[in-house]
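Structure record follows, encoded as structure tokens.
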Amino acid sequence: MNQARLLLLLAMGVLVGTFFALDLDHYLSLTQLQAHQARLALWVDRHVVAASLLFLVIYVLTTALSLPGAALLTLAGSAVFGILWGLLLVSFASSLGATLAFLSARFLLRDWVETRFGDKLASVQAGMQKEGAFYLLSLRLIPLFPFFLVNLVMGLTPIRVSTYYWVSQLGMLPGTLVYVLAGSELATLTSTGNLFSPGLLAALTLLGLMPWLMRALQRRLALYRLHAPYRKPARFDYNLLVIGAGAGGLVTSYIAAAVKARVALIEQHRMGGDCLHTGCVPSKALIRSARFAFEQRKAGELGFTPSQSRADFAAVMARVARVIEEVEPHDSVARYEGLGVECIQGRARVTSPWEVEVNGKRLTSRHIVIATGARPRVPALPGLDRVPYLTSDTLWQRLREPPRHLLVLGGGPIGCELAQSLALLGIPVTLVEQGPQLLPREDRDVAGALAAQLEHDGVTLHLGWQATSAGYMDGKGANLPIRLYLRRGDETLVVEGDQLLLALGREANVSGFGLEALGVELAPGGTLAIDGFLATNYPSILAVGDVAGPYQFTHFAAHQAWYAAINALFGQFRRFRADYRVMPAATYTSPEIARVGLNQKEALARGIPFESTRFEMAELDRAIADGESGGFVEVLTVPGRDRILGATIVGAHAGERIAEFALAMRHRLGLGKILATVHPYPTLMEGNKYVAGAWRRARQPGRLLALLARYHRWRRGA
Numbered sequence: 001m002n003q004a005r006l007l008l009l010l011a012m013g014v015l016v017g018t019f020f021a022l023d024l025d026h027y028l029s030l031t032q033l034q035a036h037q038a039r040l041a042l043w044v045d046r047h048v049v050a051a052s053l054l055f056l057v058i059y060v061l062t063t064a065l066s067l068p069g070a071a072l073l074t075l076a077g078s079a080v081f082g083i084l085w086g087l088l089l090v091s092f093a094s095s096l097g098a099t100l101a102f103l104s105a106r107f108l109l110r111d112w113v114e115t116r117f118g119d120k121l122a123s124v125q126a127g128m129q130k131e132g133a134f135y136l137l138s139l140r141l142i143p144l145f146p147f148f149l150v151n152l153v154m155g156l157t158p159i160r161v162s163t164y165y166w167v168s169q170l171g172m173l174p175g176t177l178v179y180v181l182a183g184s185e186l187a188t189l190t191s192t193g194n195l196f197s198p199g200l201l202a203a204l205t206l207l208g209l210m211p212w213l214m215r216a217l218q219r220r221l222a223l224y225r226l227h228a229p230y231r232k233p234a235r236f237d238y239n240l241l242v243i244g245a246g247a248g249g250l251v252t253s254y255i256a257a258a259v260k261a262r263v264a265l266i267e268q269h270r271m272g273g274d275c276l277h278t279g280c281v282p283s284k285a286l287i288r289s290a291r292f293a294f295e296q297r298k299a300g301e302l303g304f305t306p307s308q309s310r311a312d313f314a315a316v317m318a319r320v321a322r323v324i325e326e327v328e329p330h331d332s333v334a335r336y337e338g339l340g341v342e343c344i345q346g347r348a349r350v351t352s353p354w355e356v357e358v359n360g361k362r363l364t365s366r367h368i369v370i371a372t373g374a375r376p377r378v379p380a381l382p383g384l385d386r387v388p389y390l391t392s393d394t395l396w397q398r399l400r401e402p403p404r405h406l407l408v409l410g411g412g413p414i415g416c417e418l419a420q421s422l423a424l425l426g427i428p429v430t431l432v433e434q435g436p437q438l439l440p441r442e443d444r445d446v447a448g449a450l451a452a453q454l455e456h457d458g459v460t461l462h463l464g465w466q467a468t469s470a471g472y473m474d475g476k477g478a479n480l481p482i483r484l485y486l487r488r489g490d491e492t493l494v495v496e497g498d499q500l501l502l503a504l505g506r507e508a509n510v511s512g513f514g515l516e517a518l519g520v521e522l523a524p525g526g527t528l529a530i531d532g533f534l535a536t537n538y539p540s541i542l543a544v545g546d547v548a549g550p551y552q553f554t555h556f557a558a559h560q561a562w563y564a565a566i567n568a569l570f571g572q573f574r575r576f577r578a579d580y581r582v583m584p585a586a587t588y589t590s591p592e593i594a595r596v597g598l599n600q601k602e603a604l605a606r607g608i609p610f611e612s613t614r615f616e617m618a619e620l621d622r623a624i625a626d627g628e629s630g631g632f633v634e635v636l637t638v639p640g641r642d643r644i645l646g647a648t649i650v651g652a653h654a655g656e657r658i659a660e661f662a663l664a665m666r667h668r669l670g671l672g673k674i675l676a677t678v679h680p681y682p683t684l685m686e687g688n689k690y691v692a693g694a695w696r697r698a699r700q701p702g703r704l705l706a707l708l709a710r711y712h713r714w715r716r717g718a
């Protein structure tokens, strides 16, 4: 606890202690007020300004310190100042005192609560950030909730101070008015406990719930207007219709079939989507061939005569096609129909919140899941429309001969993976990234390690350069017909190649199948706008995968699919909010890069305190034996606690090794649990245990160890 917090706590303790030590609560009683009402009223008449200020200070201190007597002071307000002036004084004093109590709780406790329970309260805090005023207004209007408890709890939330004040001012007014009116009849009161009759309590409770009832009514009316142009079918052909047979659509339909729902999966192209045909599967097959080429370069290091064999590019691409064919049955129509999913080939068009038109036939369903994926982003670059460029979708069909010089625009995971793989196969590659580093979301040292390896593998990097235009020389004599014109500040540069690969990320497929006509809302990033339960602004239409975001991973789409299927089929009983807190990701370059949770860049950007523990793979026996000693394991933890905020692994098989940290974070296991787990020797997985050991060594109890050293000396008789 810092000095300011300690001083405030001591000051509050002194004031509260003085209040009870001097028995001041004796004076804040109904009998005392009734006995001295006349004398107080007379003094107030003679010194109205001083009396008002004194009353204001006493009331503010009482409520700020959560002392007993606020109810009696409210009665006194109208008893000695009159109804109108008393109501004004009490209303402002109670709000000021409540705000001071709120600020004290925030200053003293909020950081501690965030540190200890931040992960558990994340959804609550997000709700308060959005709906805090409504929650507070309801609590203030219902007298059953103790006001001091409201002050304490709200101080731990992110609600703004100004919002807290005006909502408190408004919300406490009805209850304050009841007390002020009762105070005007002070002589007839026998207790402050019977001011609120059951009927009055019910009325105030209803008043407190009114903002939420009005909002619910407003949502209901908005939904009614949204559905008004469409007629809801009396019966449905399906329980669930899924549009798109990529990872998200396949898993959604499989789960629905597994619980015996009638489900149809509509796909206009090929089952398996981008992941199977143009993404994960072909790129990893290409990377495997590139890794073999990389191993050949290390032949001398491993005790072999250096190999001079060259890649047969056409054979490499033929193998990629064979891998796709071998995996394809896993996502085939035959397999999914065997699982109980009706597969429909055709272009779907959503015509109402419950209807989809495909192949000239209208199908009805209680719910529709959009899983239409994404496509490569093509920039509005002058001259690009005249250049025969490639994307991560088209290169697998169009690239059969090795390029003489490949230009890659974009230094994200896709661009880095493909640039390195093709360079290792002997193709000259130039990569252009407008940011200052590769992999913009990763820490600088992580990106630096990858950049050094790419350059070692033959990739020419131009970081911090922005492409301003593209040109294509289609003359027969042109050796390298494609030009990219680059700018960095006042500098200009021209790079040339015979093939251009665009690797600038992917954008969601949200158009062309009827959503625009329905008015399905979009998020700022161009994906479909969904709530925490994956529903769009139409509750019967849900979305998963790349079209929904926020991540574009196959495993993320599959993760969302469970929530979409269950919420669609059983949402009338219970809906599950999608949980994205622990989402691992990997970039399959060499060195491989994998991460789960926060890295230092994100933690600093979000103002989250952390401690970093790092273990270098150069110290790991298996990494040395394999000749893969480059890289490291880094773990971020909550300061002073064994709670993992995130982990980053750079090095061989990082994507495999990150799973242990993902498991630990998902089930709230700390580094102590990883350290206590037996890992086989010698393995790369031991790096996870050794980073946990480094974390433990940095937190050794110095005084206890010193005492143990003295004890052992004594046992030796030294």
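For the sequence shown, full-length UniProt numbering begins at 1 and goes up steadily by one. Just so it is clear, CB atoms sit at the ideal spot from N, CA and C, and this is done for glycine as well.
From L407 to L103, what distance separates their C-alpha atoms? Here residue 407 refers to the residue found at position 407 when the sequence shown is read from its first residue. Here residue 103 refers to the residue found at position 103 when the sequence shown is read from its first residue. L407 and L103 have their C-alpha atoms some 57 Å from each other.
Cut-off 6 Å between Cβ atoms - residues of its own chain near R441, not counting five sequence neighbours on either side: Here residue 441 refers to the residue found at position 441 of the sequence shown. Once the five neighbours on either side are set aside, R441 has no close Cβ partner at all.
If you pair each beta-carbon of the stretch 319 to 339 with each one of the stretch 502 to 511, do three or more pairs fall below 8 Å? By the Cβ test, the stretch 319 to 339 is not in contact with the stretch 502 to 511, since fewer than three Cβ pairs between them sit closer than 8 Å.
What separation, rounded to the nearest whole angstrom, lies between the Cα atoms of A76 and Q169? Looking up residue 76 in the sequence shown gives position 76. Looking up residue 169 in the sequence shown gives position 169. Each residue's Cα considered, the two are about 19 Å apart.
Determine the contact status of A374 and Q552, defining contact as a CB-CB distance below 8 Å. For the purposes of this step, residue 374 is taken as residue 374 along the sequence shown, with counting starting at 1. For the purposes of this step, residue 552 is taken as residue 552 along the sequence shown, with counting starting at 1. Going by C-beta atoms, A374 is nearer than 8 Å to Q552.
Given this structure, state the Cα-to-Cα distance separating I287 from A311, to the nearest angstrom. On the sequence shown, position 287 is the one that residue 287 refers to. On the sequence shown, position 311 is the one that residue 311 refers to. Rounded to the nearest angstrom, the two C-alpha atoms are 13 Å apart.
Quick check: the Cα distance between K298 and E455, rounded to an integer number of angstroms? The residue labelled residue 298 in the question sits at position 298 within the sequence shown. The residue labelled residue 455 in the question sits at position 455 within the sequence shown. In this structure, the CA atom of K298 is about 16 Å from the CA atom of E455.
Look at the Cβ atom of R614, then the Cβ atom of E628, and state whether they are nearer than 8 Å. Numbered from its first residue, the sequence shown carries residue 614 at position 614. Numbered from its first residue, the sequence shown carries residue 628 at position 628. Going by C-beta atoms, R614 is not nearer than 8 Å to E628.
Counting only the same chain and skipping the five closest in sequence on each side, list residues whose C-beta sits under 7 Å from that of G477. Start at 1 with the first residue of the sequence shown, and residue 477 comes out as number 477. Unreliable positioning characterises G477 in this predicted model, as indicated by a pLDDT of 48, which lies under 50. The coordinate reading is nonetheless provided below. For G477, same chain residues with a beta-carbon under 7 Å away, outside a window of 5 residues either side, do not exist.
How about Q420 and W465: do their beta carbons lie closer than 8 Å? What you label residue 420 is simply residue 420 of the sequence shown in a count that begins at 1. What you label residue 465 is simply residue 465 of the sequence shown in a count that begins at 1. W465 is positioned such that its CB atom lies no closer than 8 Å to that of Q420.
The beta strand (DSSP E) enclosing Q499, as first and last residue numbers: In the sequence shown, residue 499 corresponds to position 499, counting from 1. Note, Q499: beta strand (DSSP E), 499 to 502.
Can you tell me whether DSSP reads Q700 as helix, strand or coil? Residue 700 sits at position 700 when you count from the first residue of the sequence shown. Coil.
In three-state DSSP terms, what is V378? Position 378 of the sequence shown, counting from 1, holds the residue named residue 378. Reduced to three states, the DSSP call for V378 is coil.
Less than 7 Å between C-beta atoms, sequence neighbours within five positions excluded: which residues of the same chain meet that for W43? Residue 43 sits at position 43 when you count from the first residue of the sequence shown. Excluding five sequence positions before and after W43, the CB atoms of its chain that fall closer than 7 Å to its own CB belong to A51, given in chain order.
State buried or exposed for P591, treating a residue as buried only when at least 16 other CB atoms are found within 10 Å of its CB. Reading the sequence shown from its first residue, position 591 is the one you call residue 591. Within 10 angstroms of the beta-carbon of P591 lie 16 or more other beta-carbons, which makes it buried.
Closest to M685 by CA distance: which of T460, F610, R291, I649 is it? In the sequence shown, the residue the question calls residue 685 occupies position 685. Comparing Cα positions, the closest option is I649.
If you run the structure through DSSP and keep just helix, strand and coil, what is T63? Taking the sequence shown and counting its residues from 1, the one referred to as residue 63 is at position 63. Three-state result, T63: helix.
Given 8 Å, three or more beta-carbon pairs between the stretch 216 to 236 and the stretch 544 to 559: The stretch 216 to 236 vs the stretch 544 to 559: no contact.
In three-state DSSP terms, what is A254? Reading the sequence shown from its first residue, position 254 is the one you call residue 254. Going by the sequence as given, residue 254 is Tyr instead of Ala. In the displayed model, Y254 falls within a helix according to three-state DSSP.
Put N239 into one of helix, strand or coil per three-state DSSP. Within the sequence shown, residue 239 is the residue found at index 239, counting from 1. When secondary structure is reduced to three states using DSSP, N239 falls in the strand class.
Give every residue of the same chain whose Cβ lies closer than 8 Å to the Cβ of L100, excluding the five residues on either side of it in the sequence, and list them in chain order. Position 100 of the sequence shown, counting from 1, holds the residue named residue 100. Hits under 8 Å: V60, T63, A64.
Anyone know if the C-beta pair for V387 and Y485 falls short of 8 Å? Looking up residue 387 in the sequence shown gives position 387. Looking up residue 485 in the sequence shown gives position 485. No. Outside cutoff.
Confirm, please, whether the CB-CB distance from G273 to A256 is below 8 Å. The residue given as residue 256 occupies position 256 in the sequence shown. The residue given as residue 273 occupies position 273 in the sequence shown. With a cutoff of 8 Å on beta-carbon distance, A256 and G273 are scored as not near each other.
Measuring only the C-alpha atoms, how far is A586 from Y690? The residue you call residue 586 lines up with position 586 of the sequence shown. The residue you call residue 690 lines up with position 690 of the sequence shown. So the two alpha carbons sit approximately 21 Å from each other.
Taking the straight line between their C-alpha atoms, what separation do you get for K601 and S253? Counting from 1 along the sequence shown, the entry for residue 601 is found at position 601. Counting from 1 along the sequence shown, the entry for residue 253 is found at position 253. Between the alpha carbons of K601 and S253 lies a distance of about 38 Å.
Which residue wins for smallest C-alpha separation from M617, given the options A625, G571, E611? The residue labelled residue 617 in the question sits at position 617 within the sequence shown. Closest by alpha carbon: A625.
Please report the residue range of the alpha helix (DSSP H) in which E417 lies. Reading the sequence shown from its first residue, position 417 is the one you call residue 417. Per DSSP, E417 belongs to the alpha helix (DSSP H) from 413 to 424.
Would you mind reading off the limits of the beta strand (DSSP E) that contains T364? Position 364 of the sequence shown, counting from 1, holds the residue named residue 364. 361 to 370 is the extent of the beta strand (DSSP E) around T364.
Helix or strand or just coil, what does DSSP make of R355? The residue labelled residue 355 in the question sits at position 355 within the sequence shown. Checking the displayed sequence, the identity of residue 355 turns out to be Glu instead of Arg. Three-state result, E355: strand.
Output the boundary residues of the alpha helix (DSSP H) element that contains residue 743. Here the chain comprises residues numbered 1 to 718, so residue 743 is not present and cannot be evaluated.
Roughly how many whole angstroms lie between the Cα atoms of L669 and S91? For the purposes of this step, residue 669 is identified with residue 669 of the sequence shown, where counting begins at 1. For the purposes of this step, residue 91 is identified with residue 91 of the sequence shown, where counting begins at 1. The straight-line gap from Cα to Cα measures roughly 49 Å.
Beta bridge counterpart(s) of V494 as assigned by DSSP: The count along the sequence shown starts at 1 and reaches residue 494 at position 494. Y485, per the DSSP bridge assignment.
Buried or exposed for G717, please, with buried defined as at least 16 other CB atoms from any protein chain shown within 10 angstroms of its CB. To locate residue 717, count along the sequence shown from 1; it is residue 717. The residue in question, G717, is exposed, as its Cβ has fewer than 16 Cβ neighbours within 10 Å.
Let's see if you can read the secondary structure: which residues bound the beta strand (DSSP E) around I644? Within the sequence shown, numbered from 1, the residue matching residue 644 stands at position 644. I644 -> beta strand (DSSP E) spans 644 to 650.
Mind checking G597: buried by the 16 CB within 10 Å criterion, or exposed? Taking the sequence shown and counting its residues from 1, one reaches residue 597 at position 597. So G597 counts as buried.
Can you give me the start and stop residues for the alpha helix (DSSP H) that I624 sits inside? Numbered from its first residue, the sequence shown carries residue 624 at position 624. From DSSP, the alpha helix (DSSP H) with I624 extends over 621 to 626.
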